[in-house]
Each structure stands twice: as structure tokens, then as C-alpha cells.
Amino acid sequence: MLTFDRIVSLRNKAGRLLGRGRGAPRPAEPIRERVVLFHFPKTGGTSLHDFLVPHFPRETICPERLRNLDRLDSAQLAAYRYVSAHMDYERFRLIPAPRYAITLLREPKARILSLYYFWRAHSWKVIEERGLHGPRRAKELGLLEFLRHRTGGLPSDTDNYYARSLLGRHWVGPRGEMRLSDEEALSAALSHLAEFDTVGITEDMPGLFRQVSARLGLVMPEELPWARSSRSYGALPDMEEVVREAITPEIDAELDRLTRLDRVIYEEAKRLSSG
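So the number in this note's numbering is just where the residue sits in the sequence shown, counting from 1, plus 25.
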């Protein structure tokens, strides 16, 4: 059985091997600064993670990559120099300062569509073996039905996900509803976004890599690493090719509803990324 530490070890080994080629030089000394990557799913954050992780000694990398940072106590978190995970604002605040905090946002409608087709590309075999609820719903439902679905955790993954994550789980009700008005939620989310040292957008990955490389004293890669791509789903284990649906007016209206706050947050991210 793979443990968290074993996964990190394998990932680091692969990163070191890749680092011997062109475009991914490794610095003479590891990064000393504590770096935190607040990773929104389906934004390209894995590519930035894969670029950064070889620059940290194995024992300084937090093994938790999902939403469970709160299973670690303050002393454990303080021992790590690199934390990269799906998280919300409350879990982010658990990580001790000083820290260099990075996040990356994608155009919100594109992020939801990417999530849907990524989930839908999972094979039934892996869905059944691992009990994957999101991929099951995406596999069972057409795009419009998926966007309208209100159970099984989907509202939290699709309904203004940036706003929810930047607020924190205590502001979300048991059925995924936000406990703040749109105006209150947006104000708090934008305030929390401003706390990040570097905010990037998927649509300008070179700009993000330049900012991060300059801050950390790394050499900008000649070719950006893209860790995940819908173009290659069929070539991945336990994944299948998917056919994309046309965006109808009904689908677009649902996407508008599900991104009404996130589109404002994304526009602010664009402004911050260029500043």
C-alpha cells in the first residue's frame, strides 16, 4: 500500500530525473523559504507543483495534497518548507508564517468544464474500485444535468468554487449552500485573495512561472511542464476519451449561475497577476 511519504518519494525521484534534462535545471542549494501553493483543482496547479517539488529536500515536503491539512498539528506543519494542496482559507491559515503564498486561477466556466470532462473520462472500473462520487455523477449525467445536480458534494465543487474556497468550510452549510449573501461572500473572498504574494492565471502560465522563478531564485524552464491535459486522457491508465458537448443557451445560463462570484474573483486575479 502506498503511503503519503512513499508517494512523495516517488514524485521527487521522478522530478530529479526530469531535472537532468534541458529546461529544468536544479539550483545548487534547496529553497529555504516556506512555500505554500493553494491549489484550485483544474487550473494547472499540478504543473507548477511539479516544477517546484524537486527543489525541496524530501523531508521538508508536506505529504498531504488533498483537503486534510487539519489532520496535522501546528508542530508538524511548521516542520515543512513546501506545502502544496487543495485547501480552503481556514486550512491555509493553519500553515505558519512567514510563508510565500502562491495561487492560480482559471477562467471559471473553463474550470468547471475541465472538471466535468476530467471526471467523465474516468473508466467505470476505477470509479467502482475507488468509490469516486464526482466522476460517477459526471459519467452518469449529461453536462446540463450535471450542472444542475445538487447532491453528492457537487455544489461545493462547481458552484462558485473560488468563493467557497477563499471563504472556508465554516461558511458553507450542510447542503453546500453559502451562509453569506453574495455581496458578503464576494467581499470576504476578495480580501483573502489579496493576502497571497503571487496570484497567477492559467491563461498566462509563463507570467506565473516568471514571477515564481524570480522570487525563489530559480531558472525559468525553457518549456513549461503541462502535467495534465484533456488531449491525452485516452492515453492515461483508467481514463477514456470523452466527447465534448456543444454549449447550448441552457448550459451557458447554468454556467453563468455557477460562476457569478467566481468571475469577479477571476477578474481581480487577472489584475493582481499583471501587477
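Using N, Cα and C, we set each Cβ at its ideal position, and we do this for glycine too.
Review point. What's the C-alpha gap between Arg59 and Pro88?
Key: The straight-line gap from Cα to Cα measures roughly 15 Å.
Check your understanding: Tell me the DSSP bridge mates of Thr284?
Key -> According to DSSP, which records beta bridges pairwise, Thr284 is partnered with nothing at all.
Check your understanding: When the Cα of Pro180 is compared with those of Ala213, Val197, Val108, Gly193, which residue comes out closest?
Key -> Nearest of Ala213, Val197, Val108, Gly193 to Pro180, Cα basis: Val197.
Check your understanding: Rounded to a whole number of angstroms, what is the C-alpha to C-alpha distance between Arg17 and Gly167?
Key -> Only positions 26 to 300 of the chain appear in the structure, and residue 17 is not among them; the question remains open.
Review point. Helix, strand or coil: which one does DSSP assign to Ile120?
Key: Of the three classes helix, strand and coil, the one that applies to Ile120 here is coil, per DSSP.
Review point. Relative to the C-alpha of Phe221, which residue among Pro79, Arg118, Lys67, Leu102 is closest?
Key: Among Pro79, Arg118, Lys67, Leu102, the Cα nearest to that of Phe221 is on Arg118.
Review point. What number of angstroms, rounded off, separates the C-alpha of Glu153 from the C-alpha of Lys134?
Key: Roughly 28 Å separates the two Cα atoms.
Review point. How should Pro366 be labelled, buried or exposed, when 16 other C-beta atoms within 10 angstroms of its C-beta is the threshold for buried?
Key: For the chain, the structure presents residues 26 to 300; residue 366 sits outside this window and is missing.
Practice item. Counting only the same chain and skipping the five closest in sequence on each side, list residues whose C-beta sits under 6 Å from that of Arg282. Key: Here the set comprises nothing.
Practice item. Can you check DSSP and say which residues form a bridge with Thr1? Key: For the chain, the structure presents residues 26 to 300; residue 1 sits outside this window and is missing.
Review point. Assuming Leu147 contacts Asp263 under a Cβ cut-off of 8 Å, what Cβ separation, rounded to an integer in Å, is found between them?
Key: The amino acid at residue 147 is misidentified as Leu; the sequence shows His. That pair is a contact at about 7 Å.
Practice item. List the residues that DSSP assigns as beta-bridge partners of Val267. Key: Val267 has no beta-bridge partner at all, per DSSP.
Check your understanding: Measuring CA to CA, which of Ser109, Leu261, Leu94, Asp207 is closest to Phe143?
Key -> Proximity to Phe143 across Ser109, Leu261, Leu94, Asp207 peaks at Leu261, based on C-alpha coordinates.
Point to revise | Which residues DSSP lists as bridging Ser197, in chain order | key: In the sequence as displayed, the identity of residue 197 is Val instead of Ser. Among the bridge pairs identified by DSSP, Val197 is matched with Met203.
Review point. Since Arg106 contacts Thr85 with CB under 8 Å, what's their CB separation in whole angstroms?
Key: Yes, Arg106 and Thr85 are in contact; Cβ-Cβ is about 4 Å, under 8 Å.
Check your understanding: Three-state secondary structure (DSSP) at Ile137?
Key -> Of the three classes helix, strand and coil, the one that applies to Ile137 here is helix, per DSSP.
Point to revise | Reduced DSSP secondary structure (H/G/I, E/B, other) of Leu241 | key: Leu241: helix per DSSP, three-state reduction.
Point to revise | Euclidean distance between Cα positions of Glu266 and Ala122 | key: Taking the straight line from one Cα to the other gives about 43 Å.
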